[in-house]
Amino acid sequence: GAVVSQHPSWVICKSGTSVKIECRSLDFQATTMFWYRQFPKQSLMLMATSNEGSKATYEQGVEKDKFLINHASLTLSTLTVTSAHPEDSSFYICSARNAPGTSGGETQYFGPGTRLLVL
Amino acid sequence: AQKVTQAQTEISVVEKEDVTLDCVYETRDTTYYLFWYKQPPSGELVFLIRRNSFDEQNEISGRYSWNFQKSTSSFNFTITASQVVDSAVYFCALSEVYMEYGNKLVFGAGTILRVKS
């Protein structure tokens, strides 16, 4: 149980294009999903927290117009990197969590990540 | 503010050796959760364990064991008889309990474990 998928796993794009990354909880309802960014040999940096049906909460320093997050259902959240530039190249990881008080509701389960390379 | 410190940046051991990964945390909350995650070279974070602040019992799962001590704010992780497949980055993390909009995880910097055959 508690499987989270991410698609695509790899994406290479030209500078200026937009890239959409999907995060799905496959066997549980994800009341809350999180988006992280990880640079090589570094820890995870939380970008934003999204709750189903409401606007995402962005961490300080993260441009909300640059990184668009949509959490339209209890099993799907998307991150769109708009007008991507080489400095946006990174490893993006999502996680999903069930509602507090539910089984596993206190634990974030992570997707396999998406490696983005902007040329 | 919450903080997690993993002082060991990198550890190298030979297969079958035991290894302990240290984790020290800071929080003002009385109720919180502690986690360990494993990140193999593939990149996916694998959940290993969750421990709440009221449960100080040590836990053993196969070759893995965890030692939680509130008195020293530590949550250390021991791998017994290490194997090459244990090679990965291990993250310790801390979260508050039952925030309205999801428990944010505060991660440590991670410890790279290299197990040589």
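So the protein sequences, as listed, match chains A and B. Quick note on my numbering: the first sequence kicks off at -1 and runs consecutively. Quick note on my numbering: the second sequence kicks off at 776 and runs consecutively. Each residue gets a CB set at the ideal place from its N, CA and C atoms; glycine is no exception.
{"query": "Does the distance from the CB of A:Y107 to the CB of A:I19 come in under 8 angstroms?", "result": "no"}
{"query": "Within 8 angstroms of any Cβ in chain A, is that where the Cβ of B:G837 sits?", "result": "no"}
{"query": "Verify the CB distance criterion: does A:E61 have a CB-CB separation below 8 angstroms to chain B?", "result": "no"}
{"query": "A:G111 versus chain B: which residues are under 7 angstroms apart at the beta carbon?", "result": "G818, E819"}
{"query": "Restricting to Cα atoms, I'd like to know which of A:A94, A:T100, A:V116, A:E104 is closest to A:L44.", "result": "A:A94"}
{"query": "Please go through the same chain and pick out, in chain order, the residues whose beta-carbon is closer than 6 angstroms to the beta-carbon of B:I887, but skip the five residues on each side of it.", "result": "E785, V864"}
{"query": "Which two residues bound the contiguous beta strand (DSSP E) that contains A:F65?", "result": "65 to 71"}
{"query": "Indicate whether at least one CB of chain A lies closer than 8 angstroms to the CB of B:K891.", "result": "no"}
{"query": "Determine the DSSP secondary structure at B:S817, reduced to helix, strand or coil.", "result": "coil"}
{"query": "Identify which residue in A:L117, A:N68, A:G111, A:W8 has its Cα closest to the Cα of A:P84.", "result": "A:L117"}
{"query": "Would you identify the three-state DSSP class for A:K62, choosing helix, strand or coil?", "result": "coil"}
{"query": "Alpha carbons only, please: which of A:L115, A:L72, A:T100 is nearest the one belonging to A:A82?", "result": "A:L115"}
{"query": "Starting from the Cα of A:A0, find the closest Cα among A:M31, A:S13, A:L42, A:K39 and give me that residue.", "result": "A:M31"}
{"query": "Using beta-carbon positions only, say whether B:W811 and B:F852 come within less than 8 angstroms of one another.", "result": "yes"}
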